[in-house]
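Visitor: Please see the structure below; I have some questions.
The following block contains the structure:
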């Protein structure tokens, strides 16, 4: 499912116009992005939790030359599915 298909599904289930559903989805994405950029987590009970995890600095190899390189530490977004979502998928 891509973004336009998701907007169509939201519009159908919430009885909104496609334009309203698109703005709602964009608002959700923006709110989650802002919260994660501040270091907060977003918990949707039953659905899941968006959070930021720290990845430590590590060693890697350049695939072209084989030389060892250092990969910098990074913050990465993470999603952990809630029980209801896991049960629905299984």
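Residue numbers (our numbering): 1 to 90. We put the beta carbon where it would ideally sit given N, CA and C, even for glycine. As the structure is a computational prediction, the values presented were derived from the model and not from experiment.
#1: Assuming the contact rule is C-beta atoms closer than 8 angstroms, residue 114 and residue 75 should be a hit. Round their C-beta distance to whole Å, please.
#2: Would you kindly work out how many angstroms separate the C-alpha atoms of residue 67 and residue 59, rounded to a whole number?
#3: Do residue 33 and residue 80 come within 9 angstroms of each other at the CB atom, strictly closer than that value?
#4: Going by alpha carbons, who is nearest to residue 55 out of 72, 61, 83, 10?
#5: Put residue 47 into one of helix, strand or coil per three-state DSSP.
Guide: Reading from the atomic positions:
#1: No answer is possible for residue 114: the residues shown for the chain start at 1 and end at 90.
#2: By one-based count along the chain shown, residue 67 stands at place 67. By one-based count along the chain shown, residue 59 stands at place 59. Their Cα atoms are separated by approximately 10 angstroms.
#3: Your numbering for residue 80 matches position 80 in the chain shown. Your numbering for residue 33 matches position 33 in the chain shown. The answer is no: Cβ separation not under 9 angstroms.
#4: Locating residue 55 in the chain shown gives position 55, counting from the first residue. Considering only alpha carbons, the answer is 72.
#5: Residue numbering aside, residue 47 sits at position 47 when the chain shown is read from its first letter. Three-state result, residue 47: coil.
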